[in-house]
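Engineer: My numbering numbers the first residue of the sequence shown as 56 and each following residue consecutively.
Heads up, the beta-carbon is just placed ideally off N, CA and C, and yes, glycines get one too.
Fair warning: this is a prediction, and the values are worked out from it, not measured in the lab.
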Amino acid sequence: MKWKIYRIVCILQMLASSIFAIIALIDFLRHANVGDFMRFVLFTSMFLLTILATNILNTNYPDVPVTGRQKTNFNRLFLLNFLFLVFLFGIIFADYRQLAALAELLARPILKLPIELFGSLIINLAILAFQLYILYGLYELRRELYFNFRRKEFEFERGQAL
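#1: Could you check where the alpha helix (DSSP H) with GLU199 kicks off and where it finishes?
#2: Helix, strand or coil, according to DSSP, for THR99 in the structure here?
#3: So PHE129 and VAL121 are supposed to be a Cβ contact under 8 Å. How far apart are they, rounded?
#4: Answer yes or no: do ALA108 and LEU193 have a C-beta to C-beta separation smaller than 8 Å?
#5: What whole-angstrom Cβ distance do LEU172 and LEU154 have, given they're in contact under 8 Å?
#6: Which residue from GLU199, PRO169 and PHE98 puts its Cα closest to that of PHE185?
#7: For the alpha helix (DSSP H) that contains ILE66, what are its first and last residues?
#8: Are ALA79 and ASP91 touching if we call contact CB-CB under 8 Å?
#9: Rounded to the nearest angstrom, what separates LEU196 and ARG62 at their Cα positions?
#10: If you measure from the beta carbon of LEU160 to each beta carbon in chain D, is any gap under 8 Å?
#11: When DSSP labels each residue in this structure, what does VAL121 get in the three-state scheme?
#12: Kindly indicate which residue of VAL64, ILE147, LEU84 and THR114 has the alpha-carbon position closest to the one of LEU200.
#13: Considering only residues of the same chain and omitting the five flanking positions on each side of ASP150, which have a CB-CB separation below 7 Å?
#14: Does the separation of the CB atoms of ILE182 and ALA71 fall below 8 Å?
#15: Beta-carbon separation of PHE83 and PHE102 under 8 Å?
#16: With 16 as the cutoff for other CB atoms within 10 Å, does ILE74 come out buried or exposed?
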């Protein structure tokens, strides 16, 4: 059951990160801003990690360990995504600062602002939660694949046990 939920979260994350990557690319092409380029790289990396996660789940589960080129790609994307989480936190803090400045301009508490203004912040928080869940799920998946492979009883071992 947990891997079905994991697949659903991966699909939702693929949709969200691809949409935000396209938006960031369009903004970069319009304004040639380094921040927009970093957002494009961030969301593209998240998209690639979710593709890798679903690929590992589909091809390796329940007992084929991650090896070779797949392992190299996994390790690189896994580490890069920890770095990009910092940028995602930066985007969230920037959204919050914009809301705080708007609340100050309107002389209202931030929680009294219309809910429509919180859209970007809420979506970015959801993307952050999904990404943390995917990173944790990838760690658990690799661990489970390794342990299942180690416990797997091979045919030649069955004959020796008798």
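Structural biologist: Quick look at the numbers:
#1: Looking up residue 199 in the sequence shown gives position 144. Per DSSP, GLU199 belongs to the alpha helix (DSSP H) from 174-206.
#2: Within the sequence shown, residue 99 is the residue found at index 44, counting from 1. In this structure, THR99 counts as helix in the three-state DSSP scheme.
#3: Residue mapping note: residue 129 aligns to position 74 of the sequence shown, counting from 1. Residue mapping note: residue 121 aligns to position 66 of the sequence shown, counting from 1. Indeed, because the Cβ distance is near 6 Å, the residues count as touching under 8 Å.
#4: In the sequence shown, residue 108 corresponds to position 53, counting from 1. In the sequence shown, residue 193 corresponds to position 138, counting from 1. In this structure, the beta-carbon distance from ALA108 to LEU193 falls below 8 Å.
#5: The residue you call residue 172 lines up with position 117 of the sequence shown. The residue you call residue 154 lines up with position 99 of the sequence shown. Under the criterion of beta carbons closer than 8 Å, LEU172 and LEU154 qualify as touching, at roughly 6 Å.
#6: On the sequence shown, residue 185 is found 130 positions in, with the first residue counted as 1. Comparing Cα positions, the closest option is PHE98.
#7: By 1-based counting over the sequence shown, the position of residue 66 is 11. Following the DSSP letters along the chain, one finds ILE66 inside the alpha helix (DSSP H) bounded by residues 57-86.
#8: One-based indexing of the sequence shown puts residue 79 at position 24. One-based indexing of the sequence shown puts residue 91 at position 36. Yes, the Cβ-Cβ distance between ALA79 and ASP91 is below 8 Å.
#9: Residue mapping note: residue 196 aligns to position 141 of the sequence shown, counting from 1. Residue mapping note: residue 62 aligns to position 7 of the sequence shown, counting from 1. Taking the straight line joining both Cα atoms gives about 12 Å.
#10: Note that chain D does not occur in the displayed structure, where there is just one protein chain.
#11: Taking the first residue of the sequence shown as position 1, residue 121 is located at position 66. For VAL121, the three-state secondary structure derived from DSSP is coil.
#12: Mapped onto the sequence shown, residue 200 falls at position 145. Comparing Cα-Cα distances from LEU200 to each of VAL64, ILE147, LEU84 and THR114, the minimum goes to THR114.
#13: Against the sequence shown, residue 150 aligns to sequence position 95. The answer, listed in chain order, is SER175, LEU176 and ASN179.
#14: The residue you call residue 182 lines up with position 127 of the sequence shown. The residue you call residue 71 lines up with position 16 of the sequence shown. Going by beta carbons, ILE182 and ALA71 fall inside the 8 Å limit.
#15: Numbered from its first residue, the sequence shown carries residue 83 at position 28. Numbered from its first residue, the sequence shown carries residue 102 at position 47. Against a cut-off of 8 Å, the Cβ pair of PHE102 and PHE83 comes out as no contact.
#16: Start at 1 with the first residue of the sequence shown, and residue 74 comes out as number 19. With a threshold of 16 other beta carbon atoms within 10 Å, ILE74 falls short and is exposed.
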